[in-house]
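Just so you know, we're using the numbering used here here: the sequence shown kicks off at 3 and counts up by one. Beta carbons: idealized from backbone N, C-alpha and C, even for Gly.
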Amino acid sequence: CFEAHYNRVAILMMPGPWCFEVIEIWRRFGSYRIYVDSELPGEVDKYPENVGGAYHALRLPILEKLYREKRQASILVIAEVGEGWIPLGVWRFREICRRALHYPPRKFNTLQEALDEIKKTTLTDPKYWRQLSRVLEFHKFQESITEFM
Numbered sequence: 003c004f005e006a007h008y009n010r011v012a013i014l015m016m017p018g019p020w021c022f023e024v025i026e027i028w029r030r031f032g033s034y035r036i037y038v039d040s041e042l043p044g045e046v047d048k049y050p051e052n053v054g055g056a057y058h059a060l061r062l063p064i065l066e067k068l069y070r071e072k073r074q075a076s077i078l079v080i081a082e083v084g085e086g087w088i089p090l091g092v093w094r095f096r097e098i099c100r101r102a103l104h105y106p107p108r109k110f111n112t113l114q115e116a117l118d119e120i121k122k123t124t125l126t127d128p129k130y131w132r133q134l135s136r137v138l139e140f141h142k143f144q145e146s147i148t149e150f151m
């Protein structure tokens, strides 16, 4: 998780096929609005109608990192916009994401452990956005070949 300019970005990389999802949470005056866009395997590319340009701004540095490492992953990004937010454009998410990716990744034994850590580092309780996540739903039912060994 990395924070700058009242914006906080948490990136969860899970082993699996390429999936990408941004959950953008706008926190204003004690309330919040949640916007979600995602892409799952086999889906036709479409413009992210809810999150808009921030979706691609967050996607670019993650794709660059995965390309450099010759890897793929399923990605969930939680992007929180705080009450002190100033309109700086979507580039802020790109740069915050790049900074977050410079830190060594934390590794967890289970998805639940990772989600518990996100709960500690973000301002919005996951109970408000978790049920909206298509990537988490996908991983809930995705079986790995190692489960059959």
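Near Glu-41, which residues of its chain fall below 6 angstroms by C-beta distance, leaving aside the five closest residues on each side in sequence?
Taken in chain order, the residues that qualify are Phe-22.
So, do the segment 28-42 and the segment 105-116 have three or more beta carbon pairs nearer to each other than 8 angstroms?
Cβ pair count under 8 angstroms is below three, so no.
Under a Cβ-count criterion, where at least 16 other Cβ atoms within 10 Å of its own Cβ denotes burial, should Phe-150 be classed as buried or exposed?
Reliability fails at Phe-150, whose pLDDT of 49 lies under 50, so the model's placement of it is uncertain and the value that follows must be treated cautiously. Exposed.
If the criterion is Cβ atoms closer than 8 angstroms, does the pair His-141 and Met-15 meet it?
Taking 8 angstroms as the Cβ cut-off, His-141 and Met-15 do not qualify as a contacting pair.
In this structure, does DSSP put Phe-140 in helix, strand or coil?
Phe-140: helix per DSSP, three-state reduction.
Quick check on Ala-102: does DSSP put it in helix, strand or coil?
Three-state DSSP puts Ala-102 in a helix.
Of all the options Glu-85, Thr-112, Val-11, Lys-67, which has the alpha carbon lying nearest to the alpha carbon of Val-24?
Val-24 has its Cα closest to that of Val-11, out of Glu-85, Thr-112, Val-11, Lys-67.
Taking the continuous alpha helix (DSSP H) assigned at Ile-64, which residues delimit it?
55-71 is the extent of the alpha helix (DSSP H) around Ile-64.
With H, G and I counted as helix, E and B as strand and the rest as coil, what does DSSP make of Arg-29?
In this structure, Arg-29 counts as strand in the three-state DSSP scheme.
Taking Glu-5 as part of the beta strand (DSSP E), name the residues at either end of that continuous run.
Here the beta strand (DSSP E) through Glu-5 covers 4-6.
So, with DSSP's three-state summary, where would you put Leu-42?
Reduced to three states, the DSSP call for Leu-42 is coil.
According to DSSP, is Gly-78 part of a helix, a strand, or is it coil?
The sequence shown places Leu at residue 78, rather than the Gly named in the question. Looking at Leu-78 - three-state DSSP - the assignment turns out to be strand.
Give the DSSP-derived three-state secondary structure of Glu-97 in the structure shown.
Glu-97: helix per DSSP, three-state reduction.
Taking C-alpha atoms, which residue in Leu-117, Thr-123, Ala-56, Phe-31 lies nearest to Val-92?
Nearest C-alpha to Val-92: Ala-56.
Quick check: the Cα distance between Arg-100 and Gly-54, rounded to an integer number of angstroms?
Their backbone Cα atoms lie some 19 angstroms apart in a straight line.
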